[in-house]
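A.B. asks:
There are 4 protein chains.
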Amino acid sequence: MKIKSGDIILLLSPDNKSFMIMVEEGRSFSSHMGILDLSSAIGKRLGETIVSSLGNHFVLLNPTVEQKMMKVRRTTQIVYPKDAALILFKTDVKAGAKIIESATGSGALTIALANSVAPSGKVYTYERKEQFMNNARDNVRRAGLCEYVEFNCGDARDGFKEREVDVAILDLPSPWYGIPASYEALVPGGRIASISPTYNQVERTAEVLRETGFVRIETVELIMRNYQVKKGKIRPDNRTVGHTGFLTFAFKGTGDSVSLK
Amino acid sequence: MKIKSGDIILLLSPDNKSFMIMVEEGRSFSSHMGILDLSSAIGKRLGETIVSSLGNHFVLLNPTVEQKMMKVRRTTQIVYPKDAALILFKTDVKAGAKIIESATGSGALTIALANSVAPSGKVYTYERKEQFMNNARDNVRRAGLCEYVEFNCGDARDGFKEREVDVAILDLPSPWYGIPASYEALVPGGRIASISPTYNQVERTAEVLRETGFVRIETVELIMRNYQVKKGKIRPDNRTVGHTGFLTFAFKGTGDSVSLK
Amino acid sequence: MKIKSGDIILLLSPDNKSFMIMVEEGRSFSSHMGILDLSSAIGKRLGETIVSSLGNHFVLLNPTVEQKMMKVRRTTQIVYPKDAALILFKTDVKAGAKIIESATGSGALTIALANSVAPSGKVYTYERKEQFMNNARDNVRRAGLCEYVEFNCGDARDGFKEREVDVAILDLPSPWYGIPASYEALVPGGRIASISPTYNQVERTAEVLRETGFVRIETVELIMRNYQVKKGKIRPDNRTVGHTGFLTFAFKGTGDSVSLK
Amino acid sequence: MKIKSGDIILLLSPDNKSFMIMVEEGRSFSSHMGILDLSSAIGKRLGETIVSSLGNHFVLLNPTVEQKMMKVRRTTQIVYPKDAALILFKTDVKAGAKIIESATGSGALTIALANSVAPSGKVYTYERKEQFMNNARDNVRRAGLCEYVEFNCGDARDGFKEREVDVAILDLPSPWYGIPASYEALVPGGRIASISPTYNQVERTAEVLRETGFVRIETVELIMRNYQVKKGKIRPDNRTVGHTGFLTFAFKGTGDSVSLK
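Chains as they are written, first to last, in the working numbering: chain A, 32 to 292; chain B, 32 to 292; chain C, 32 to 292; chain D, 32 to 292.
1) Between A/F191 and the ligand NAD, is the CB less than 7 Å from at least one heavy atom?
2) Looking at C/T106: is its Cβ nearer than 8 Å to the Cβ of C/F182?
3) Can you check which of these residues, C/L91, C/E79, C/R172, C/T122, is closest to D/Q98 by C-alpha distance?
4) Three or more beta-carbon pairs under 8 Å between the segment 72 to 89 of chain B and the segment 200 to 215 of chain A, yes or no?
5) Just by C-beta distance, which residues in the segment 213 to 233 of chain C are closer than 7 Å to chain B?
6) When DSSP labels each residue in this structure, what does D/L85 get in the three-state scheme?
7) Is it right to say B/S83 is buried, meaning 16 or more other beta carbons lie within 10 angstroms of its own, or is it exposed?
8) Which chain B residues sit within Cβ distance under 9 Å of C/I109?
9) Kindly list the residues whose CB is nearer than 6 Å to the CB of B/I223, restricted to its own chain and excluding five residues on each side of it in sequence; keep chain order.
10) Within 10 angstroms of the Cβ of D/M100, are there 16 or more other Cβ atoms? Answer buried if so, exposed if not.
11) Look up A/C184 in the DSSP assignment and give the residues it is bridged to.
12) Closer than 9 Å, Cβ to Cβ, to anything on chain C: give me those residues from the segment 49 to 72 of chain D, in chain order.
13) Please list, in chain order, all residues of the same chain as A/P211 whose beta carbon is under 7 Å from its beta carbon, the five residues on each side excluded.
14) Does any C-beta atom of chain B lie closer than 8 Å to the C-beta of C/R247?
15) Taking buried to mean at least 16 other C-beta atoms within 10 Å of its own C-beta, is D/N146 buried or exposed?
16) Given a threshold of 16 other Cβ atoms within 10 Å of its Cβ, counted over all protein chains shown, does C/G86 qualify as buried or as exposed?
17) What distance in whole Å lies between the Cβ atoms of B/Y179 and B/V148, which are believed to be in contact at a cut-off of 8 Å?
18) Between D/Q162, D/P267, D/V260, D/P150, which has its C-alpha nearest A/L253's C-alpha?
19) Would you mind reading off the limits of the beta strand (DSSP E) that contains B/T275?
20) Nearest chain D C-beta to C/N269 closer than 8 Å, yes or no?
21) Thinking A/V246 and A/G284 are a contact (beta carbons under 8 Å), I'd like their distance in whole angstroms, please.
22) Going by C-alpha distance, which of A/I39, A/V103, A/I66, A/G185 is nearest A/R168?
23) Assuming contact is defined by CB atoms lying nearer than 8 Å, are B/Y157 and B/G185 in contact in what I supplied?
24) Near D/A72, what residues of its chain come up, given a Cβ to Cβ distance below 6 Å and the 5 sequence neighbours on each side ignored?
25) Starting from D/S147, find everything on chain C with Cβ-Cβ shorter than 7 Å and list it in chain order.
26) Less than 7 Å between C-beta atoms, sequence neighbours within five positions excluded: which residues of the same chain meet that for A/C177?
27) Quick one: is B/N93 buried, meaning 16 or more other Cβ sit within 10 Å of its Cβ, or exposed?
28) Can you pull the chain A neighbours of D/G273, defined as C-beta to C-beta under 9 Å?
29) Let me check understanding here. Comparing Cα to Cα, which of D/I226, D/L119, D/I52, D/D197 lies closest to D/F89?
30) Could you give the DSSP three-state label for D/F120: helix, strand or coil?
31) If you measure from the beta carbon of C/F191 to each beta carbon in chain D, is any gap under 8 Å?
32) Please say whether B/V110 and B/D202 have beta carbons closer to each other than 8 Å?
33) I'd like to check one pair, D/N257 with D/T279: are the Cβ atoms closer than 8 Å?
34) Does the Cβ of A/P112 have 16 or more other Cβ atoms within 10 Å, making it buried, or fewer, making it exposed?
35) I'd like to know whether the C-beta of D/G263 is nearer than 8 Å to at least one C-beta of chain A.
36) What are the boundary residues of the beta strand (DSSP E) that includes A/Y258?
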């Protein structure tokens with residue numbers, strides 16, 4: 032499979048920096064290591080290199096979902112890959128799934144969700160602020176995933192119009208306002224995930240989940256350490272993100288399971 | 032969708048313990064909170080409960096991929112969910128992907144991979160020890176994912192027979208022996224992931240990846256904290272797994288990118 | 032300096048287990064690696080070994096303050112060494128300091144404090160439950176530090192009788208009840224430290240510290256990883272304590288600094 | 032006790048920034064929150080405030096050992112407080128102790144050691160580079176601890192001239208070169224601590240410690256999380272130092288304990 036005009040690729044510089052760009056005849060890209068003529072990528076295979084004006088080789092790669100997430104234009108704090116990964120896994124998002132997300136924010140998590148539900152599932156994402164929604168839609172489009180996402184301008188407090196969805200994901204300053212609507216929209220046994228930076232949010236979220244009829248409520252946090260792996264000098268990196276958020280997960284029970292908790 | 036005989040479900044006890052079982056007419060299940068007549072689950076919906084001989088309500092849930100992984104019969108140390116989640120995400124495993132895995136071990140990661148590549152992809156898994164492979168196959172079957180997995184009795188050192196696969200995953204005591212075979216089997220730009228508990232393994236793995244022509248080599252570790260979320264008493268849990276493994280990721284470059292590193 | 036009868040020493044077994052015992056003529060000690068005749072330690076020097084009935088060599092060491100803490104008879108959860116170390120350091124406990132501690136608990140932290148204020152300082156420790164206090168006094172005596180500690184049977188809510196102390200340390204389920212008494216007892220600019228397992232305790236502690244006139248309030252947590260260091264197999268240990276407590280530190284301001292916060 | 036000219040104090044600004052300065056008649060100090068006339072501190076008590084030209088109140092505090100360490104002029108990476116605290120604790124540094132330190136670096140750890148051995152102990156510190164030593168001596172002097180430190184211009188490889196010291200502390204790029212000299216200088220049963228950023232250093236340090244006759248070798252790492260404690264918004268801070276170093280501790284055994292390991 033050869034690279035052609037219109038493809039979105041990842042350019043990897045010799046010093047391990049990456050750039051997500053669209054290949055186009057006659058277009059060029061200016062980097063810290065020289066100018067690249069993007070026409071020269073056309074007809075090449077992934078893994079091959081093109082050479083900058085300063086003689087530096089850049090590797091041509093397919094962007095993974097992580098890179099698509101990290102390259103979004105940000106109007107809000109985005110969900111980090113480590114957290115997105117665990118959310119996808121714990122809520123069992125896969126091809127064909129129907130997912131509600133509120134709020135859309137910059138659309139980084141929307142991209143990860145859409146990438147996993149393709150080709151037969153759908154992400155229904157809700158965002159109150161039109162400006163955020165428009166930016167998110169652009170980001171999802173650039174990632175080539177628009178057909179798996181339906182954008183809604185709206186607030187979780189007003190409810191979601193979908194029913195029998197598999198998963199609901201809340202990334203809200205007051206997640207508890209989105210819990211009743213999520214309960215209504217979810218299939219019995221459906222999964223919910225909520226991400227919040229403070230303990231106070233977690234405390235109230237867990238309480239409202241319990242009262243609403245969710246079961247198996249669980250809160251975790253992931254701390255990721257990056258490593259410098261030079262021969263004879265292996266060590267944890269200094270550049271560690273101290274904190275992103277707490278992740279709370281639960282399953283939708285029915286009326287008769289509420290009294291259990 | 033009502034539960035019927037033959038369905039694999041998750042039974043959640045009032046004290047939050049879970050059991051993965053197959054529903055069958057006339058079968059019963061003995062738990063620490065009483066005996067359950069599994070016939071009583073037939074015709075119920077997910078999220079509803081059945082009652083044990085001691086009067087305890089158990090919620091009926093669909094097992095997620097995490098629970099399917101954690102419930103395997105273990106002949107080896109399994110890959111933990113937090114690590115599986117990041118491996119799936121970083122290597123961008125999704126519907127339709129072709130994946131090589133070596134070694135199979137107990138098949139826990141195999142289940143996670145199969146769950147994500149379904150319905151159109153395939154996991155090619157390699158295991159040297161026939162006894163391990165048979166146990167893993169039973170585990171994958173119980174998880175209902177056999178059609179997405181091809182089991183091979185073999186050693187990574189002898190090469191893989193597949194070509195143009197998207198992802199190669201190494202969970203080996205000496206991961207470096209599996210790197211040349213992975214390079215050959217991968218599509219250009221394809222992703223590799225390796226999991227190892229010691230720094231010495233990471234050091235050599237990264238070195239051999241570099242020499243073999245892989246680029247964008249990265250090593251990370253996830254530390255997961257569980258939280259106790261009781262109202263007015265939120266705190267990190269004491270039950271934290273201190274260490275599972277280091278995860279190393281890379282992309283397949285081509286001949287001309289080798290000299291860069 | 033040779034070991035003599037009456038000395039408290041640490042016996043280190045070949046498999047790195049340690050036992051704190053008092054050497055006495057004619058006394059023996061039964062371990063998992065054989066019986067030791069403690070008379071044989073008399074006249075030896077630290078660092079030398081004695082031999083058990085099964086032929087195993089045990090090294091004779093001086094117990095450090097850490098071992099004295101960890102070997103107390105426990106009636107309560109003790110403060111861990113990592114936390115004790117930071118408390119001593121952040122509150123600048125050293126020879127000659129006057130310290131208030133509430134509550135005494137099992138006396139483990141009392142031992143660490145006494146060890147640091149010797150030979151010219153004093154620890155004034157308060158414990159409501161007489162049974163705990165008696166056990167703690169025995170523990171401090173066994174550690175050979177009784178002369179630096181004054182035991183009081185009392186509750187922090189009723190105030191402390193000392194004035195112009197350098198440091199106050201609170202290890203209480205409701206630390207806020209001990210804050211006004213600590214403020215009164217401390218020298219201006221004096222330091223306070225509080226240890227608590229939950230966020231809710233931290234939240235209220237910080238609030239009451241602020242209201243009472245403490246400044247430079249800071250909360251931290253230490254996570255300690257132990258490493259297995261075998262040649263060619265270095266790795267973090269699985270045996271990691273997930274959580275002990277949050278440490279809150281502050282300085283006593285005067286009336287006119289209260290309004291600042 | 033009132034503040035007088037010549038005292039070293041800590042000035043705490045309303046936004047919680049601190050400055051270590053010497054009070055002098057007629058001297059002023061320019062901060063981000065206005066100019067302070069230091070004469071106005073004379074005659075005040077600790078905990079009281081002085082007012083800047085912009086009307087901001089600064090609290091007058093006694094600097095603790097932590098602040099003395101952190102305010103050194105740095106020519107090298109310094110040992111962090113969390114690590115210094117554990118080193119002091121694990122090696123049981125207290126009043127009267129005799130300590131060898133190599134290398135001195137910027138003298139931050141030297142300050143912590145001197146603070147703890149005072150008034151009757153001594154720190155013998157070794158530094159190869161005269162320029163570093165002079166800077167460190169200035170730092171120790173500013174902290175008011177010079178009388179407890181003896182500065183030596185020298186390399187650990189050439190041995191230490193002291194004998195029967197209680198503790199040896201190594202902060203060297205190649206700690207193993209300092210191990211034989213430490214063994215010779217230590218009292219039997221004496222403690223050694225080594226701090227290093229990489230696993231490779233830890234691996235070799237532990238090996239050489241074992242070969243040289245040290246026992247009870249242990250390697251740990253401290254990860255410190257800072258918390259933001261605002262009412263209703265408690266959360267871990269983003270500003271976390273990802274990695275400082277690994278700490279290895281051991282005890283000096285005698286000839287006959289070497290064979291054990």
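All C-beta atoms in this analysis are idealised placements derived from N, C-alpha and C, irrespective of residue type, glycine included.
C.D. replies: The structure says:
1) Summarising the ligand content, the structure contains no ligands, and the ligand NAD is consequently not present.
2) Along the third sequence, one-based indexing puts residue 106 of chain C at 75. Along the third sequence, one-based indexing puts residue 182 of chain C at 151. Cβ atoms of C/T106 and C/F182: not closer than 8 Å.
3) For the purposes of this step, residue 98 of chain D is taken as the residue at position 67 of the fourth sequence. Taking only the C-alpha atoms, the option nearest D/Q98 is C/T122.
4) no
5) P228, T229, Y230, N231
6) Here the question's residue 85 of chain D lines up with position 54 in the fourth sequence. Note: D/L85 maps to coil in three-state DSSP.
7) Taking the first residue of the second sequence as position 1, residue 83 of chain B is located at position 52. So B/S83 counts as buried.
8) Start at 1 with the first residue of the third sequence, and residue 109 of chain C comes out as number 78. Chain B residues near C/I109: none, gap ~14 Å exceeds 9 Å.
9) Taking the second sequence and counting its residues from 1, the one referred to as residue 223 of chain B is at position 192. Counting only Cβ-Cβ distances below 6 Å, and skipping sequence neighbours, we find A199, S213, A281.
10) For the purposes of this step, residue 100 of chain D is taken as residue 69 along the fourth sequence, with counting starting at 1. Buried: at least 16 other Cβ atoms inside 10 Å.
11) What you label residue 184 of chain A is simply residue 153 of the first sequence in a count that begins at 1. A/C184 pairs with A/E158.
12) S49
13) The sequence position of residue 211 of chain A within the first sequence is 180, counting from 1. Correct list, in chain order: T243.
14) Along the third sequence, read from residue 1 onward, the residue named residue 247 of chain C stands at position 216. No - not a single Cβ of chain B is within 8 Å of the one on C/R247.
15) As a working note, residue 146 of chain D is residue 115 in the fourth sequence. By the neighbour-count rule (16 or more Cβ atoms within 10 Å), D/N146 is buried.
16) Residue mapping note: residue 86 of chain C aligns to position 55 of the third sequence, counting from 1. Burial state of C/G86 is exposed, judged by a 10 Å Cβ sphere holding fewer than 16 other Cβ atoms.
17) Translated into positions along the second sequence, residue 148 of chain B becomes position 117. Translated into positions along the second sequence, residue 179 of chain B becomes position 148. Contact flag correct, Cβ pair sits at about 6 Å.
18) In the first sequence, the residue the question calls residue 253 of chain A occupies position 222. Of the candidates D/Q162, D/P267, D/V260, D/P150, the one whose C-alpha sits nearest the C-alpha of A/L253 is D/P267.
19) Residue 275 of chain B sits at position 244 when you count from the first residue of the second sequence. First-last for B/T275: undefined, no H or E at that position.
20) Within the third sequence, numbered from 1, the residue matching residue 269 of chain C stands at position 238. Answer no: the Cβ-Cβ gap between C/N269 and chain D never drops below 8 Å.
21) Position 215 of the first sequence, counted from the first residue, corresponds to residue 246 of chain A. Position 253 of the first sequence, counted from the first residue, corresponds to residue 284 of chain A. With 8 Å as the limit, A/V246 and A/G284 qualify as a contact, their Cβ atoms being about 4 Å apart.
22) Walking along the first sequence from the start, residue 168 of chain A turns up at place 137. Among A/I39, A/V103, A/I66, A/G185, the Cα nearest to that of A/R168 belongs to A/V103.
23) Position 126 of the second sequence, counted from the first residue, corresponds to residue 157 of chain B. Position 154 of the second sequence, counted from the first residue, corresponds to residue 185 of chain B. Yes. Within cutoff.
24) Taking the fourth sequence and counting its residues from 1, one reaches residue 72 of chain D at position 41. Excluding sequence neighbours, D/A72 sits near I34, V54, I81, L91.
25) The residue labelled residue 147 of chain D in the question sits at position 116 within the fourth sequence. Going along chain C in sequence order, the residues near D/S147 (Cβ under 7 Å) are K125.
26) Within the first sequence, numbered from 1, the residue matching residue 177 of chain A stands at position 146. These residues qualify, in order along the chain: V171.
27) Here residue 93 of chain B corresponds to residue number 62 of the second sequence, with the count starting at 1. Buried, by the Cβ-count rule.
28) Numbered from 1 along the fourth sequence, position 242 holds the residue referred to as residue 273 of chain D. Going along chain A in sequence order, the residues near D/G273 (Cβ under 9 Å) are R256, N257, P267, D268, N269, R270, T271, V272, G273.
29) Position 58 of the fourth sequence, counted from the first residue, corresponds to residue 89 of chain D. Checked all of D/I226, D/L119, D/I52, D/D197; the closest Cα to D/F89 is D/I52.
30) Translated into positions along the fourth sequence, residue 120 of chain D becomes position 89. Helix.
31) One-based indexing of the third sequence puts residue 191 of chain C at position 160. Chain D contact via Cβ: absent.
32) Numbered from its first residue, the second sequence carries residue 202 of chain B at position 171. Numbered from its first residue, the second sequence carries residue 110 of chain B at position 79. Taking 8 Å as the Cβ cut-off, B/D202 and B/V110 qualify as a contacting pair.
33) What you label residue 279 of chain D is simply residue 248 of the fourth sequence in a count that begins at 1. What you label residue 257 of chain D is simply residue 226 of the fourth sequence in a count that begins at 1. Between D/T279 and D/N257, the CB-CB gap reaches or exceeds 8 Å.
34) Translated into positions along the first sequence, residue 112 of chain A becomes position 81. That one is buried.
35) Within the fourth sequence, residue 263 of chain D is the residue found at index 232, counting from 1. At least one chain A Cβ lies under 8 Å of D/G263.
36) Taking the first sequence and counting its residues from 1, one reaches residue 258 of chain A at position 227. Note, A/Y258: beta strand (DSSP E), 245 to 259.
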